[in-house]
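Worksheet: one structure, shown below.
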Amino acid sequence: MELLCPAGNLPALKTAIDNGADAVYIGLKDDTNARHFAGLNFNDGKLAKAADYVHQRGKKLHVAINTFAHASGEERWKKAVDNAVEIGTDALIIADLGVLDYAATKYPDVERHVSVQASTTNLEAIKFFKNNFDVQRVVLPRVLSVQQVRQLAKSSPVPLEVFAFGSLCIMAEGRCYLSSYMTGESPNTVGACSPAKYVRWQETEQGLESRLNNVLIDRYQADENAGYPTLCKGRFDVDGDVYHALEEPTSLNTLELIPELMAMGIVSVKIEGRQRSPAYVEQVAKTWRMALDRYKQSPENYSVEGSWMQTLANLSEGSQTTLGAYHRKWQ
Amino acid sequence: MKFSLGPSLFFWPKTDVEQFYQQAKTSNADIIYLGETVCSKRRELRAKDWLALGRELADETDKQIVISTMTLLESPAEIITLKKLCDNGDLLVEANDLSAVQIMHDLNMPFVAGPAINCYNLSTLKVLLKQGMMRWLMPVELSGDWLKTILMQAEEENIRNKFECEVFSWGYLPLAYSARCFTARSEDRPKDDCQYCCINYPQGRKMNSREGEQVFVLNGIQTMSAYQYNLINEVNQLNEMGVDIVRISSDSEQAFTQLDKFKQQLITPTKHLLDEVNECNGFWHKIAGMSVA
Numbered sequence: 000m001e002l003l004c005p006a007g008n009l010p011a012l013k014t015a016i017d018n019g020a021d022a023v024y025i026g027l028k029d030d031t032n033a034r035h036f037a038g039l040n041f042n043d044g045k046l047a048k049a050a051d052y053v054h055q056r057g058k059k060l061h062v063a064i065n066t067f068a069h070a071s072g073e074e075r076w077k078k079a080v081d082n083a084v085e086i087g088t089d090a091l092i093i094a095d096l097g098v099l100d101y102a103a104t105k106y107p108d109v110e111r112h113v114s115v116q117a118s119t120t121n122l123e124a125i126k127f128f129k130n131n132f133d134v135q136r137v138v139l140p141r142v143l144s145v146q147q148v149r150q151l152a153k154s155s156p157v158p159l160e161v162f163a164f165g166s167l168c169i170m171a172e173g174r175c176y177l178s179s180y181m182t183g184e185s186p187n188t189v190g191a192c193s194p195a196k197y198v199r200w201q202e203t204e205q206g207l208e209s210r211l212n213n214v215l216i217d218r219y220q221a222d223e224n225a226g227y228p229t230l231c232k233g234r235f236d237v238d239g240d241v242y243h244a245l246e247e248p249t250s251l252n253t254l255e256l257i258p259e260l261m262a263m264g265i266v267s268v269k270i271e272g273r274q275r276s277p278a279y280v281e282q283v284a285k286t287w288r289m290a291l292d293r294y295k296q297s298p299e300n301y302s303v304e305g306s307w308m309q310t311l312a313n314l315s316e317g318s319q320t321t322l323g324a325y326h327r328k329w330q
Numbered sequence: 000m001k002f003s004l005g006p007s008l009f010f011w012p013k014t015d016v017e018q019f020y021q022q023a024k025t026s027n028a029d030i031i032y033l034g035e036t037v038c039s040k041r042r043e044l045r046a047k048d049w050l051a052l053g054r055e056l057a058d059e060t061d062k063q064i065v066i067s068t069m070t071l072l073e074s075p076a077e078i079i080t081l082k083k084l085c086d087n088g089d090l091l092v093e094a095n096d097l098s099a100v101q102i103m104h105d106l107n108m109p110f111v112a113g114p115a116i117n118c119y120n121l122s123t124l125k126v127l128l129k130q131g132m133m134r135w136l137m138p139v140e141l142s143g144d145w146l147k148t149i150l151m152q153a154e155e156e157n158i159r160n161k162f163e164c165e166v167f168s169w170g171y172l173p174l175a176y177s178a179r180c181f182t183a184r185s186e187d188r189p190k191d192d193c194q195y196c197c198i199n200y201p202q203g204r205k206m207n208s209r210e211g212e213q214v215f216v217l218n219g220i221q222t223m224s225a226y227q228y229n230l231i232n233e234v235n236q237l238n239e240m241g242v243d244i245v246r247i248s249s250d251s252e253q254a255f256t257q258l259d260k261f262k263q264q265l266i267t268p269t270k271h272l273l274d275e276v277n278e279c280n281g282f283w284h285k286i287a288g289m290s291v292a
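Chains as they are written, first to last, in numbering that gives the first Met the number 0: chain A, 0 to 330; chain B, 0 to 292.
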C-alpha cells in the first residue's frame, strides 16, 4: 500500500520524500487544481525540479488537475495536462470528463487517476471511468463507510485509493456548492473552498467573530480555540439550538484502519494537505511511514501507538481526529 | 420554450405526494420529473410506486414524464434499485450520477443529465452526448454567461441540435450531498436510527447564522439554499439564448403558482422585485449564489 503525501511547494515535496512517502501529489500554479491558494503550488520550472527530486529517489509524482475546466478556458486544463506529461509525471489526477477524455486520447500511456472531486462512490460509476477513459485508479470520496469501501474493493475493476488523514471534507467532493453559494467561488470552479479573501475576523463584545463574505460562521469565547471559518464547520442555529450543524472542526485519521485497508487491497493511502507547511508534511509522513512499516513487519501485532495519535491530533483542526464516514456512527 | 416541474427534493407522506401529482396533472407544466433523488431510506414510495405514478401521469396527460434518480449512491442495493428505474421500459430517465449514465448507456437508452452531473464545458458535454444524453441541465452554481459560452460553442460545432438545454430556474437549490444525515443530526440521532425524521420537515429545516440570517436548508443528507432561487426576470433572456426548458422545482404547491407566473412572464415581461430575505439569483449573475443581482 502506497503512502501518498501532499506538497504545496518544493520544500514540502522534499520533506515528504525524505520522510517516507512512496509518492507525492502536487498541483500547478493556477486554477486547474483544487488547492489554488496564494503562494502555493508549482510553476513550470519548479514542476521539473519536483519531478527530478522524486524520480532520482525512485519515488512517484502525481499531478492533480482536478477542478472543472471553464467553458471559456478549456485550453488551460489541456495545457496543464501537456505540462505534467512533459516533465514525466507518473500519474494525472483528473475530475473533469472532458479533461480525462483529452488525456486518454492524447497520452494513452500516462496513468490516469479519477480525482476525489469526481465523486465516484459506486461500482457502476467506476465502470463508467474504466470503460470510457481506461483509468488506472479511482480515489474514493470521504463519504463511504468501511463496509462500503470493502464491498467496492471486492468488485472494482480499478484499484482504489482512499483518504487516510487530514482535513475532513464532509460533503461528497465535487458535489458541494456551499462555498460558491456564500462567496461566488467554489472548489469546482476556482479550486478553493471558503476562500481566504472573504474571511474577516472581528473582536466584539460577544466574542471573537469569524465571517465569510459577511455571513457569521462562528463566534468564540475567550477560552475557545478559533479555527479557520470553513463554512461547513461553524456553529449555526437550527430552531433555537446553536451547534455545529454540519460538522465540528476536526480531521480525519485512519491509523487504526490500516489492517482493514491492507486486507481489502487498497493500493494507496492519501494524506490531505497541499496547503499545509513542510513541518506538517514531515510529521504526518513520518508517523504514517512508521505505522505502515510496523504493520508490514508484524501484521498480527499491529496496534496504534498513543504517541502517533498525539502527533496527528496536534496537527489537526481543533486538535481532534475522527474516523469520519468510515465509521457508520459518524454518519 | 417549455416548462418543467423538477422532482420534489423533500420527503413527503405518500398521500401528499399523490395529491401533489394530482394537481400536477392539470398544471401548466409540459414536463414532469418525479422520483427520489436524495435518500434511499425514503420509502413512502418505492421504485415500483414511482414508476406506477409516472405511468399514470403519462397515460392521463400529454405531458412528458421523466423518472429522476438518486444522486449519491453508495451501496449495491441502491444500484439494484437504480437499475430497476433505468430499465423501466417506457419512461425517460434523469441521471444524477455517472452510475446512471453508465447504466443508460448499457441499455442503449437516451437520458437527461441532471444538475448533479458535473458538466462544466463543451468537451464534457460531448462525452455525455456520446453516452446518449438528450437533455442537459447545467450545475446550479454556473452563470448565464457560462451557459451562453457553451451553447455558442455547441452551435459552432454543429451539435446544438443534438440536445435540449434545461435550466433550474425556481426553488430551493440543491447544493451539497454528504454521507451524514443533517436532519437526523439536528434531532441528535445517527443516520442508522434516523426514524425517517425528514418526513416531519416538508420544507427541510432552516439553518441560520447566530445573527438570524438564513444560510442553508437541511434536507437529510442534502444541503440546500435557504433562499429560493428565482430567475423570473431572466426568462426572456433564457428564451433568447436558446434554452429549451425552464425548470420549476417542486418545493410545494407554490410551484404551480410559479409555473403560471413564469409562463406569463414569457408572454408579458414585467420587472419582478425579488424579496431579498427569501429569494436569490446570484449564481446566474456570477456573484455569491445567495445574493440578489
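Quick reminder that beta carbons are idealized off the backbone N, C-alpha and C, glycines included.
| Query | Result |
| --- | --- |
| If I'm right that I286(B) touches G183(A) with Cβ under 8 Å, what's the distance once you round it to whole angstroms? | 5 Å |
| Closest to D259(B) by C-alpha separation, out of W169(B), K129(B) and V100(B), would be which residue? | W169(B) |
| What is the rounded straight-line gap between the Cα of V80(A) and the Cα of A90(A)? | 10 Å |
| What number of angstroms, rounded off, separates the C-alpha of F127(A) from the C-alpha of N121(A)? | 10 Å |
| On a Cα-Cα basis, can you pick out the residue from E208(A), V134(A), A244(A) and L167(A) that is closest to E316(A)? | L167(A) |
| List the residues of chain A that G288(B) touches, going by C-beta distances under 8 Å, in chain order. | Y176, S179, Y180, M181 and G183 |
| Kindly list the residues whose CB is nearer than 7 Å to the CB of K190(B), restricted to its own chain and excluding five residues on each side of it in sequence; keep chain order. | R179, C180 and A183 |
| For the stretch 245-256 of chain B, list every residue whose C-beta sits within 8 Å of some C-beta in chain A, in sequence order. | none |
| Going by DSSP in three states, W11(B) sits in which element: helix, strand or coil? | coil |
| Quick check on this structure: which residue in P10(A), L143(A), H35(A) and V109(A) has the alpha carbon closest to the alpha carbon of R136(A)? | V109(A) |
| Quick one: any contact between the stretch 44-59 of chain B and the stretch 82-90 of chain B, if contact means 3 or more CB pairs under 8 Å? | yes |
| Pop quiz: S185(B) and L141(B) are said to be a contact at Cβ under 8 Å. What is the actual Cβ separation, rounded to whole angstroms? | So it is not a contact: roughly 30 Å between Cβ atoms. |
| Within 10 Å of its beta-carbon, does P248(A) have 16 or more other beta-carbons around it, so buried, or fewer, so exposed? | buried |
| Say whether chain A places a C-beta atom closer than 8 Å to the C-beta of V242(B). | no |
| Straight-line CA distance for W200(A) to L207(A)? | 7 Å |
| For the ligand MN, I want to know if P194(A) counts as a neighbour, meaning its beta carbon is within less than 7 Å of at least one of the ligand's heavy atoms. | No copy of the ligand MN occurs in the structure displayed, which carries no ligand at all. |
| Threshold first: 3 residues or longer. Then list the beta strand (DSSP E) segments lying entirely within the stretch 144-209 of chain A, N to C. | 159-166, 170-175 and 198-203 |
| Report yes or no: is there a C-beta of chain B within less than 8 Å of the C-beta of E271(A)? | no |
| Would you mind telling me which residues of chain A sit closer than 9 Å to Y176(B), beta carbon to beta carbon, in chain order? | S118, V142, M170, A171, R174 and C175 |
| Output needed for V189(A): all residues of its chain with C-beta closer than 8 Å, excluding positions within five of it in sequence on either side, in chain order. | D30, H35 and T66 |
| Which residue from Q202(B), S248(B) and C38(B) puts its Cα closest to that of L81(B)? | C38(B) |
| Would you be able to state if there are at least three C-beta pairs under 8 Å between the stretch 137-157 of chain A and the stretch 239-248 of chain A? | no |
| So is S67(B) in contact with chain A if we call contact Cβ pairs under 8 Å? | no |
| For the beta strand (DSSP E) containing M132(B), list its first residue and its last residue. | M132 to L136 |
| Using CA atoms only, rank isn't needed, just tell me which of G131(B), S98(B) and A153(B) is closest to Y119(B). | A153(B) |
| For K24(B), which three-state DSSP category applies? | helix |
| Classify N280(B) as buried or exposed, calling it buried when 16 or more other Cβ atoms lie within 10 Å of its own Cβ. | buried |
| Have a look at L136(B) and N131(A) and give me their C-alpha separation to the nearest angstrom. | 22 Å |
| Kindly identify the DSSP beta-bridge partner or partners of A350(A). | Past the boundaries of the shown model lies residue 350(A); chain A is included only from 0 to 330, so the question cannot be answered. |
| Report yes or no: is there a C-beta of chain A within less than 8 Å of the C-beta of D274(B)? | no |
| Closer than 8 Å, Cβ to any Cβ of chain B: which residues of the stretch 292-317 of chain A, in chain order? | none |
| Looking at the structure shown, is Y325(A) part of a helix, part of a strand, or coil, going by DSSP? | helix |
| Near L121(B), what residues of its chain come up, given a Cβ to Cβ distance below 6 Å and the 5 sequence neighbours on each side ignored? | I149 and Q152 |
| List the residues of chain B that T249(A) touches, going by C-beta distances under 8 Å, in chain order. | Result: empty, since nearest Cβ-Cβ is about 12 Å, beyond 8 Å. |
| In its own chain, which residues sit with a C-beta less than 7 Å from the C-beta of Y176(B), not counting the 5 before and 5 after it? | T70, L71, I220 and Q221 |
| Is the beta carbon of L314(A) sitting closer than 8 Å to the one on Y279(A)? | yes |
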